[in-house]
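Trainee:
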Amino acid sequence: MGVSVPAGNPPEGGLIPEAVSICKKCIKPKPPRTHHCSVCNRCILKMDHHCPWLNNCVGHYNHRHFFLYMVYTVVGVTFIMIFGVQLAYEEFFSDQEPELDGHPVRFNNSEIIPVTESLDHLSKEELAEIARQAAETAAKEWRHKLIIFAGLICVGTFTALGALAWWHAGLITRGETSIEAHINSAELKKHRAQNKFYQNPYDFGPRENWRLFLGTKTRNWWYILFPSIHGPYGDGLTWRTIHDSKFS
């Protein structure tokens with residue numbers, strides 16, 4: 001749904017109830033938390049970033065879908081890795097011969113002596129069996145390569161997407177987008193240099209921030225466990241801040 005659901009744009013020619021600035025690219029009023037996407041070449045409501053993997057902007061209407069897509073993918077990859085360990089172990093180590101009792105035996109592998117043998121004396125059945133075993137060996141080697149490749153893909157996906165999901169979870173907890181994180185960081189440094197206090201105006205506390213992000217303020221928390229088409233709070237044009245009155 002992160003691909004099919006648009007991020008949301010300011011209305012064309014419509015009334016914008018609250019504009020904080022004029023977009024230098026669109027030359028149009030910009031609602032709060034709205035930023036211009038250089039890829040889409042238009043303003044995006046509560047823009048987080050432009051995702052090249054989804055070929056879509058992540059903003060007000062699909063931010064939740066993007067985050068849950070990452071979480072579901074990490075959970076799925078974790079499931080594959082946990083239950084794939086036994087499969088990989090059986091594929092790589094199940095046919096190893098058991099160790100012999102007694103003293104260890106050393107084999108001289110320093111020199112390879114080629115052994116040639118004629119197959120003319122073998123029957124068709126024996127030749128077919130040799131061919132079958134050779135095909136099984138080749139197939140097994142390919143299975144080993146595919147398992148290793150799948151393992152690397154799973155580990156890479158788990159690491160990269162897991163780290164990205166964790167970072168976005170921190171942003172959501174603080175009530176900010178990735179763009180606002182840079183803005184708030186710059187504002188915080190500027191205010192500290194002036195011995196002033198600065199707080200993100202959209203940070204209502206971790207619990208309330210997650211409720212607003214997931215759209216579960218009046219809904220059951222089961223909505224976050226399964227894909228849901230319910231939209232976020234508000235229209236993305238006006239935003240309450242910590243300076244306004246509390247939510248009713």
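Each step along the sequence shown adds one to the number in our numbering, with nothing skipped, and position 141 is 141.
Ideal Cβ placement from N, Cα and C applies to all residues, glycine included.
1) Could you check where the beta strand (DSSP E) with I270 kicks off and where it finishes?
2) Would you grab the beta carbon distance between H35 and C43 for me? Rounded to a whole angstrom, and I think it's under 8 Å.
3) In its own chain, which residues sit with a C-beta less than 6 Å from the C-beta of G236, not counting the 5 before and 5 after it?
4) Ignoring anything shorter than 4 residues or poking outside the region 166 to 212, list the alpha helix (DSSP H) runs there in chain order.
5) Since H50 is in the beta strand (DSSP E), which residue starts that stretch and which ends it?
6) Under the DSSP definition of a beta bridge, which residues are partnered with C37?
7) Alpha carbon to alpha carbon, how far is R283 from D203?
8) If you compare alpha carbons, which of P6, P11 and S185 is closest to T238?
9) May I have the straight-line CA-CA distance separating I16 from P29, to the nearest angstrom?
10) Could you have a look at F247 and say whether DSSP puts it in helix, strand or coil?
11) Does the region 129 to 149 come within contact of the region 180 to 189, defined as at least 3 CB pairs closer than 8 Å?
Mentor: This is what the structure holds:
1) Nothing can be reported for residue 270, as the shown portion of the chain is limited to 1 through 248.
2) Indeed they touch by this definition, with Cβ atoms about 7 Å apart.
3) G8, L45, K46 and H60
4) You should have 178 to 193.
5) H49 to C51
6) Assignment of beta-bridge partners to C37 by DSSP yields R42.
7) What the structure shows of the chain is the stretch from 1 to 248, and residue 283 is not part of that stretch, so it cannot be assessed.
8) P11
9) If you draw a straight line from the Cα of I16 to the Cα of P29, it comes to about 8 Å.
10) With a pLDDT of 48 at F247, under the threshold of 50, the modelled position of this residue cannot be trusted, and the question is left open.
11) no
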